[in-house]
Amino acid sequence: MLIKRISLIKPMILIFILIPVVTQAGQNQSMQELLIGLIPEQNIFRQMDRYRPLAAYLSEKTGLKVRLTILSKYGDIVERFKSRHLDGAFFGALTGTMAIIKLGVEPIARPVNQNGTSSVRSYIFVRADSKIDSVKDMNGKRAVFVDRATVTGYLFAAAFLRENGVNDIEKYFTEYFFTGSHDSAIYSVLDNRADIGSAQNTFFNVLVSKDPTIKRELRIIARSEEFPETTLCMRKNISPGIKNSLTNTLLNMDRDPAGRDILKKFGASKFIRAEIKDFNSVFNLAKRARVDIRTYEGDR
Amino acid sequence: MKKKIILSLFFLFLLFTTGAIITMFYILRVTSRLDTLITLHQVEILRQDLVINVQTVQSHLYTIGTSFGKELDVIVENVATLDSAIQKCSGCHHSPEISTKIIAIRDLTEQYKEALSTFITTTAGRERVERLQLVGANIGNMILAKTQEMAVIANQKLNEKTIAAIKDVSNSRIILIVTLLLCFFIALSIAASLTRGITEPVSELLKATRKIKSGELGYSTSYRGKDEFKELIEAFNDMSLTLDENNKKIIQHLVRLSGLYRITLSFHAITNVEDIYKEVSYGVAELVDVEQSGIILLDKDNELFSHRFPAFGLNPERMADIKIPKEEFVNIYLSSNRRPLLFNDNTGKLPMSDMDKSLGARNSMFVWIRQKGELIGAIRAANKKSGDFTEEDARMLGILANNVSVALENAKLYENLKKQMAELKEAQEQLVQAAKLAAIGELASNIAHEINNPLTSILGYSELIKEEADIHNIMRDIEVIEKESLRARDIVHQLLEFSKKRPLEIKEININNIISEVLSLVSVPLKDSNINITGNYDDVPTIEGDANQLKQVFLNIINNAIFAMPGGGTLAVATRSEKENVYVEISDMGKGIPHEILQRIFEPFFTTKQDKGTGLGLSISYKIIQSHHGSIDVESEEGKGSKFTIVLPFTIRQIS
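From first to last, the protein sequence lines are chains P and A. In this text, residue positions in the first sequence follow the numbering used here: the first is 1, and each later residue adds one. In this text, residue positions in the second sequence follow the numbering used here: the first is 301, and each later residue adds one.
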């Protein structure tokens with residue numbers, strides 16, 4: 001009888017030991033993590049500050065732990081998406097196009113700016129006191145771009161230069177470099193570290209709104225057509241439930257007071273559904289720039 | 301004292317409040333120092349965090365390139381923490397020196413962020429990237445340097461503040477101890493002062509109270525006290541004096557009441573009015589302390605009120621003419637509304653002033669004596685030795701006057717009673733004598749016959765003498781005549797002796813002898829009857845009693861027994877003694893007494909002998925035995941006879 005009792009006690013102790021472990025594991029399982037990448041399109045610290053509230057909101061609403069990670073450089077974005085096992089990323093127009101083609105990611109939503117647009121343009125700008133008015137005037141000058149893997153920070157400028165007779169950028173400019181972010185590119189021209197710059201209009205406008213003197217100090221000499229705004233794309237094999245949950249949460253943010261607050265901090269009025277066809281303009285521009293997206297590395 | 305207590309308490313309150321304020325001040329000062337120290341330590345912790353963050357970022361700054369992504373997240377997190385910390389620190393209050401450093405670090409942090417971001421995101425040109433890396437690293441080093449400078453300053457401040465805090469703690473301890481000790485000793489001295497201020501007068505009052513309790517009324521404490529205690533002690537002394545005065549008054553009153561009681565008590569034993577006059581006069585003189593006092597009463601014969609003597613301080617001869625007509629006296633009484641009259645100033649014309657002037661009275665008081673609502677006189681007191689007559693004097697004599705009235709009434713009743721008693725006694729004596737004669741009367745015919753026999757013999761022998769010549773025969777006849785004459789004389793003598801009216805004469809008597817004499821008296825009449833007398837006489841002790849009266853009792857009972865046995869029988873007489881008493885039992889074998897009349901035989905004038913009896917015999921006998929403190933008991937059975945048992949004590953006491 002005593003032996004039987006001892007034999008029963010052991011499994012019970014085991015059950016009591018295992019119950020908390022199993023429960024904890026269950027809890028961890030229930031809080032599934034989504035790793036979302038950010039393209040460093042502006043100062044990475046400001047960008048993180050901008051995206052953190054959105055990530056927190058999504059975590060609260062979807063029940064998923066949304067974690068952000070900076071993808072330092074545009075060019076290797078596709079490789080890093082794979083190597084970091086990202087679940088999704090806020091892609092720029094070009095990186096998004098590359099990811100769609102190379103990784104098969106699916107665009108789900110993109111923000112609408114405060115002015116009602118959900119598209120971006122590329123500006124080619126010089127300092128206001130510069131004597132550069134045309135591509136010819138740029139010869140032998142210093143140029144600054146954001147990254148090869150950006151439409152607004154490089155691809156449009158490349159297409160524009162090519163269409164204006166510049167076939168070899170390295171020879172045409174005495175110096176050219178990539179800042180990795182749009183605001184750095186703008187500050188490079190402002191700070192006279194470069195003579196010509198190319199950056200996205202939204203970041204240009206943000207800096208102008210913060211410091212109106214910038215508008216007076218810089219002169220835009222070329223504007224591109226519209227390209228899709230930064231778009232959240234999810235990996236192709238993501239769970240439909242997660243994808244739908246994320247999509248619905250983003251699309252309904254503007255109907256939720258807390259969501260509206262987050263949107264305001266983010267600098268958007270709402271999120272709209274994104275589709276692959278939104279990226280057609282990028283394909284067209286790539287053609288103009290004689291770039292094959294399928295083989296384009298975006299690296300220097 | 302109340303003011304002193306309030307002031308002391310207020311001072312104590314101020315003292316403790318001051319102590320509390322000082323304590324609070326030093327506690328706050330010390331805690332403020334400690335707060336500063338804690339803040340400085342927090343700043344140090346913050347600085348160390350900053351250093352750690354910057355150092356982490358710096359280390360990763362040089363490792364960026366290979367597995368970049370992860371390090372970038374770490375850099376971003378560290379810089380975010382760094383930024384958050386420096387922003388938080390900027391919001392705190394610091395010394396200008398520290399604030400300047402913090403602002404510089406904050407600016408450097410912004411630059412650091414910018415440089416790092418530029419470095420991290422810049423991709424074109426290796427030299428440019430390396431330059432940007434160096435710029436970032438330099439800014440990081442500058443932050444570290446600034447942080448180090450801040451640490452030096454903070455440490456210096458920390459040391460200063462720590463020393464100051466330790467000093468403050470030490471000072472606080474001393475101040476607290478001094479404050480507490482000061483408060484304690486001052487409070488102790490105040491308490492001691494208050495206690496002394498209370499216990500001293502209380503102790504003095506307690507002592508005084510004990511003195512008063514032990515009978516020392518009027519004791520006044522010499523302790524004067526202060527404040528309320530001064531008033532209390534003064535009030536206490538007043539109270540003690542008042543108690544003493546009241547006690548004296550009470551004692552005086554008690555003395556008077558005692559005197560009054562003594563006078564009135566004597567009334568119970570007084571039976572003649574002169575004694576009442578004397579007791580009252582002398583008692584009043586003592587009670588109200590006067591030179592003259594006496595009783596004025598109405599003389600009904602001449603309708604005049606005059607003094608009765610003996611009286612105190614008054615000469616009867618001098619007073620002989622001082623009389624007040626009843627009408628005048630009653631008018632004064634009525635005009636006084638029946639209240640006592642007090643004349644403390646006899647200079648004017650006042651009621652009774654003629655009498656007072658005649659008697660030389662300076663002042664006087666008249667208290668009325670009433671009997672059954674009618675004025676019969678007054679108690680007069682005059683010439684009070686000290687002071688005036690008071691209402692209290694009047695009340696005292698008023699009580700006495702009421703008692704005098706009763707005493708006079710009692711004396712009068714007693715006189716009447718005495719007179720009536722004398723009359724009653726006389727009547728009783730006459731009654732006894734009558735009963736006695738009646739008893740003799742019952743014997744008279746037989747006695748006459750008995751006397752006739754010796755007389756016949758005398759006559760016969762006288763005739764024989766005339767014829768005898770022989771002297772011897774004559775002498776023999778003469779002897780017979782003499783003998784018969786003596787016999788007749790004895791009978792007559794006995795009869796006379798019995799019939800004499802004698803006063804009560806208590807002597808030592810032998811009851812057997814008394815019975816023998818009675819039986820001798822009745823033996824003559826019984827000689828020819830068929831009644832046989834038996835006697836059974838114990839040797840009984842002598843008793844105290846009146847022989848004549850007891851003879852009368854026995855004669856009555858034996859006469860009744862003989863009467864009850866007309867056809868003859870036995871008359872049994874027995875005596876015995878038992879427990880200080882002599883028992884005489886007289887039994888007959890007569891017809892007995894019917895039960896219904898047995899209870900009435902001792903009633904006066906009750907008789908069954910009709911014309912032959914007075915009905916007084918047994919009634920008188922009963923009274924006589926009662927006067928000898930004895931008793932008569934009778935047992936009777938119809939047809940068998942009766943038995944009378946007379947019990948007489950050996951000694952009679954208080955026979956008057």
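Backbone N, C-alpha and C fix where the C-beta goes; we use that ideal spot for every residue, glycine too.
Exercise. Any residues in the region 165-186 of chain P with a beta carbon nearer than 7 Å to a beta carbon of chain A? Which ones, in chain order?
Worked result: 176, 177, 178, 179, 180, 181 and 184
Item to complete: Give me whichever residues DSSP pairs with residue 665/A in a beta bridge.
Response: For the purposes of this step, residue 665/A is taken as the residue at position 365 of the second sequence. Assignment of beta-bridge partners to residue 665/A by DSSP yields 642/A and 681/A.
Close Cβ partners of residue 464/A (< 8 Å) along its chain, the five nearest in sequence each way excluded: As a first step, residue 464/A is located in the second sequence; it is residue number 164 there, counting from the start. So the qualifying residues of the chain are 333.
In terms of residues, what are the limits of the alpha helix (DSSP H) holding residue 198/P?
Residue numbering aside, residue 198/P sits at position 198 when the first sequence is read from its first letter. Looking at the DSSP string, residue 198/P is not in any alpha helix (DSSP H); the run it does join, the beta strand (DSSP E), is 196-200.
- prompt: Residue range of the alpha helix (DSSP H) that residue 280/P falls in?
  reply: Along the first sequence, read from residue 1 onward, the residue named residue 280/P stands at position 280. Start and end: 280-288.
Below 8 Å on the Cβ atoms is my guess for residue 505/A versus residue 536/A; work out the distance and round it to an integer in Å. Position 205 of the second sequence, counted from the start, is the residue given in the question as residue 505/A. Position 236 of the second sequence, counted from the start, is the residue given in the question as residue 536/A. About 6 Å; that satisfies the 8 Å criterion.
**Asked** What do you get for residue 40/P, buried or exposed, if any count of 16 or more other CB atoms within 10 angstroms of its CB means buried?
**Response** Here residue 40/P refers to the residue found at position 40 when the first sequence is read from its first residue. Residue 40/P is buried by the Cβ-count criterion.
Next on the checklist: DSSP has residue 869/A in a bridge; who is on the other side?
Outcome noted: Here residue 869/A refers to the residue found at position 569 when the second sequence is read from its first residue. Its beta-bridge partners are 831/A.
Does the CB of residue 369/A have a neighbour CB from chain P at under 8 Å? Residue numbering aside, residue 369/A sits at position 69 when the second sequence is read from its first letter. Confidence at residue 369/A is low in this model, with a pLDDT of 49, below 50, so the placement of that residue is unreliable and no value is reported for it.
So is residue 78/P buried or exposed if we call it buried at 16+ other beta carbons inside 10 Å? Position 78 of the first sequence, counting from 1, holds the residue named residue 78/P. Residue 78/P should be labelled buried.
DSSP-derived helix/strand/coil call for residue 235/P:
Taking the first residue of the first sequence as 1, we reach residue 235/P at position 235. Residue 235/P: coil per DSSP, three-state reduction.
- Indicate whether residue 957/A and residue 697/A have their beta-carbon atoms separated by less than 8 Å. For residue 957/A there is no data in the structure shown, the boundaries of chain A being 301 and 956.
Quiz item: To the nearest angstrom, how far is it from the Cα of residue 369/A to the Cα of residue 67/P?
Solution: Working through the second sequence from its first residue, we reach residue 369/A at position 69. Working through the first sequence from its first residue, we reach residue 67/P at position 67. In this prediction, residue 369/A has a pLDDT of 49, which is less than 50 and means its spatial position is unreliable; what the coordinates show is noted afterwards. C-alpha separation (whole angstroms): 14 Å.
Are the beta-carbon atoms belonging to residue 581/A and residue 593/A less than 8 Å from one another?
Looking up residue 581/A in the second sequence gives position 281. Looking up residue 593/A in the second sequence gives position 293. Yes. Within cutoff.
| Nearest-angstrom Cα distance between residue 878/A and residue 734/A? | The residue you call residue 878/A lines up with position 578 of the second sequence. The residue you call residue 734/A lines up with position 434 of the second sequence. Separation of residue 878/A and residue 734/A (C-alpha to C-alpha, rounded to the nearest whole angstrom) is 34 Å.
Subject >> Interface residues of chain P facing residue 439/A [CB-CB closer than 8 Å] >> reply: As a working note, residue 439/A is residue 139 in the second sequence. What residue 439/A touches in chain P: nothing, since even the nearest Cβ is about 13 Å away.
Where residue 282/P and residue 150/P are concerned, what is the direct C-alpha to C-alpha distance, given to the nearest angstrom?
-> Here residue 282/P refers to the residue found at position 282 of the first sequence. Here residue 150/P refers to the residue found at position 150 of the first sequence. Their Cα atoms are separated by approximately 10 Å.
Item to complete: Using only alpha-carbon positions, find the residue among 285/P, 294/P and 232/P that is nearest to residue 112/P.
Response: As a position in the first sequence, residue 112/P is number 112, starting the count at 1. Considering only alpha carbons, the answer is 232/P.
When DSSP builds the beta bridges, which residues end up paired with residue 34/P?
-> Looking up residue 34/P in the first sequence gives position 34. Per DSSP, 66/P.
According to DSSP, is residue 307/A helix, strand or coil?
The residue labelled residue 307/A in the question sits at position 7 within the second sequence. In this structure, residue 307/A counts as helix in the three-state DSSP scheme.
| Per-residue DSSP class, three states only, for residue 176/P | Counted from its first residue, the first sequence places residue 176/P at position 176. If DSSP states are grouped into helix, strand and coil, residue 176/P belongs with the strands.
query = Applying a beta-carbon distance threshold of less than 8 Å, which residues of chain A neighbour residue 40/P?
reply = Position 40 of the first sequence, counted from the start, is the residue given in the question as residue 40/P. The answer, in chain order, is 417, 420 and 421.
Discussion item. Let's see if you can read the secondary structure: which residues bound the alpha helix (DSSP H) around residue 407/A?
Written reply: Indexing the second sequence from 1 puts residue 407/A at position 107. Counting along the chain, the alpha helix (DSSP H) containing residue 407/A begins and ends at 396-421.
List, in order along the chain, the chain A residues whose C-beta lies closer than 8 Å to that of residue 45/P? In the first sequence, counting from the first residue as 1, residue 45/P sits at position 45. What residue 45/P touches in chain A: 376, 379, 380, 383, 413, 416 and 417.
- Got a sec, what are the start and stop residues for the alpha helix (DSSP H) residue 247/P sits in? For this step, residue 247/P is matched to residue 247 along the first sequence. Its alpha helix (DSSP H) spans residues 240-251.
Next on the checklist: Using CA atoms only, rank isn't needed, just tell me which of 412/A, 376/A and 348/A is closest to residue 389/A.
Outcome noted: The residue labelled residue 389/A in the question sits at position 89 within the second sequence. Of 412/A, 376/A and 348/A, the residue nearest in Cα terms is 348/A.
Same chain, Cβ closer than 7 Å to residue 305/A, neighbours up to 5 away in sequence not counted: Looking up residue 305/A in the second sequence gives position 5. 494, listed in sequence order.
For residue 466/A, collect the residues of the same chain with a Cβ closer than 8 Å to its Cβ; drop the 5 residues on either side in sequence, then sort them by chain order.
Counting from one through the second sequence, the residue named residue 466/A turns up at place 166. Contacts found: none.
**Asked** According to the Cβ coordinates, are residue 206/P and residue 181/P closer than 8 Å?
**Response** Taking the first sequence and counting its residues from 1, one reaches residue 206/P at position 206. Taking the first sequence and counting its residues from 1, one reaches residue 181/P at position 181. Contact: no.
- prompt: Does residue 349/A have its Cβ less than 8 Å from a Cβ in chain P?
  reply: Stepping through the second sequence from its first residue, residue 349/A is reached at position 49. Taking Cβ atoms only, chain P never reaches closer than 8 Å to residue 349/A, which makes this a no.
Helix, strand or coil for residue 851/A per DSSP?
Numbered from 1 along the second sequence, position 551 holds the residue referred to as residue 851/A. DSSP places residue 851/A in helix when its eight states are reduced to three.
- Every unbroken alpha helix (DSSP H) inside the region 514-560 of chain A [4 residues or more]: Correct list: empty.
Worksheet entry | Whole runs of the alpha helix (DSSP H) within the region 77-148 of chain P, excluding any shorter than 4 residues | 77-83 and 93-102
Worksheet entry | residue 436/A - DSSP class collapsed to helix/strand/coil | Locating residue 436/A in the second sequence gives position 136, where the first residue counts as 1. Residue 436/A falls in the helix class under three-state DSSP.
Going by DSSP, which residues form a beta bridge with residue 671/A?
Stepping through the second sequence from its first residue, residue 671/A is reached at position 371. According to DSSP, residue 671/A bridges with 674/A.
Open item on the list: Report the CB separation of residue 251/P from residue 271/P in whole angstroms; it is logged as a contact under 8 Å.
Closed with: Here residue 251/P is taken as the residue at index 251 of the first sequence, counted from 1. Here residue 271/P is taken as the residue at index 271 of the first sequence, counted from 1. At roughly 6 Å, the Cβ-Cβ gap stays under 8 Å, so residue 251/P and residue 271/P are in contact.
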